[in-house]
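Letter by letter, the sequence shown follows residues 1 to 194 in our numbering.
Quick notes on the structure that follows.
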Amino acid sequence: MYVTGRLLALVILGALPVVVYPGFATVWLWFMFCLIVPVVDVTLAGKTTAVRVFRRPTAPIRLGDQTTSQLIVENTGSRRFRGHIRDAWQPSAGARDDRTRLTIPAGERRAVITRLTPTRRGDRQAVRVTIRRSGPFGSAGRQRSFYIPGQVRALPPFGSRKHLPSRLARLRQLDGADPWPGHRVRLAPRLCRR
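What follows is the structure, encoded as C-alpha cells:
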C-alpha cells in the first residue's frame, strides 16, 4: 500500500471545518472520512499481480552512447489498469525517465521504454521494477516491487570512429570504387617498366 499527496491535502482541508465548527463530532467525522477514503482506494485499486512484465534484451553499446531498455507490460486481469511503472537501474547505467504512467485495458499490453546512458564501462544491471496501481480517488493504492533480470554492457569508447567515413571514402577512391553513388570511376592499369 502507498499513499499520495492527495491524502495529505485532504487531511489539511479538514482543518477548515474543524476551525469553523469546533467540536468532537466534527473532528471525529473528518477523521473517519480521511480513514475511509484511502481504504476504499486500496480496495478498488485492483491487484498488482494481474500485471505481468517482461524485459527485452538490450544490445551492447559504446561508453557515451545512448540505448533503451524495453519492458512489455501485460494486463491479464479483467479490469483496466491505471497506475505507474518504475524501471530502476544502477546509478551508473544513467537511466532517465524511469517512471511511466500507464493505462492498459484488460487483455492488452504496452511497451515501457527507459533511456540509458552508461557512465562506466562493464555490465550495468537493472535493480527492480515497481508497479503502483492507484484507486479511483487517487489518494492511495497498491504497490509491488520485484526483480526482472536486465543488463546493458558498456564497451570502451571508440573515439576514432569519427574519422572512419573519410578513411573509407579514401580507401574506396584508391581501390577504384566510387565514393559517390551512381558514378563509377575506373582507374587505368599501370604500365610496368622493365
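Where a beta carbon is used, it is the ideal one built from N, C-alpha and C, also for glycine.
Limits of the alpha helix (DSSP H) - the one that residue i falls within
| i | result |
| --- | --- |
| GLY5 | 5-13 |
| ILE36 | 24-45 |
For residue j and residue i, believed in contact at Cβ under 8 Å, the rounded distance
| i | j | result |
| --- | --- | --- |
| ILE26 | THR68 | Going by the sequence as given, residue 26 is Thr instead of Ile. 53 Å between Cβ atoms; not a contact. |
| ARG109 | ILE72 | 6 Å |
| ALA93 | ARG124 | 4 Å |
Between the CA atoms of residue j and residue i - distance to the nearest angstrom
| i | j | result |
| --- | --- | --- |
| LEU102 | SER78 | 16 Å |
| ASP65 | ALA59 | 12 Å |
| VAL129 | ALA106 | 21 Å |
| MET1 | ARG62 | 40 Å |
| GLY46 | ARG142 | 8 Å |
| THR135 | PRO156 | A small correction: the amino acid at residue 135 is Gly; Thr does not occupy that position in the sequence shown. Near 46 Å, if we compare the C-alpha coordinates of PRO156 and GLY135. |
| ASP175 | SER166 | 14 Å |
| THR49 | PRO91 | 27 Å |
| ILE104 | LEU168 | 48 Å |
| MET32 | GLY83 | 26 Å |
Start-to-end residues for the beta strand (DSSP E) that takes in residue i
| i | result |
| --- | --- |
| ILE72 | 67-75 |
| ALA93 | It is not in any beta strand (DSSP E) - ALA93 carries neither H nor E in the DSSP assignment. |
| ARG170 | Element bounds for ARG170: not the beta strand (DSSP E) but the alpha helix (DSSP H), 164-175. |
| ASP98 | Here ASP98 belongs to no beta strand (DSSP E), and DSSP marks it neither H nor E. |
| ILE131 | 122-134 |
| VAL155 | It is Leu, not Val, that sits at residue 155 in the sequence shown. From DSSP, the beta strand (DSSP E) with LEU155 extends over 151-155. |
Close-in-space but distant-in-sequence residues of the same chain around residue i (CB under 6 Å, 5 per side omitted)
| i | result |
| --- | --- |
| ARG52 | GLU74, THR76 |
| ARG55 | LEU71, ILE148, GLY150 |
Buried versus exposed call for residue i [16 or more other C-beta atoms within 10 Å across all chains shown]
| i | result |
| --- | --- |
| PRO118 | buried |
| CYS192 | Note that CYS192 scores a pLDDT of 47, beneath 50, so its modelled location is shaky; the value from the coordinates is reported in the next line. Under this definition CYS192 is an exposed residue. |
| ARG144 | exposed |
| PHE81 | buried |
| TRP89 | buried |
| ASP97 | exposed |
Sequence-distant residues of the same chain with beta carbon closer than 8 Å to residue i, five excluded per side
| i | result |
| --- | --- |
| GLY138 | THR4, ARG6, ASP41 |
Heavy atom of the ligand NAP within 7 Å of residue i beta-carbon
| i | result |
| --- | --- |
| PHE54 | With respect to the ligand NAP, the structure offers nothing, as it holds no ligand at all. |
Chain-order list of residues whose beta-carbon lies under 7 Å from that of residue i (same chain, five-residue window excluded)
| i | result |
| --- | --- |
| ARG99 | HIS84, ARG86 |
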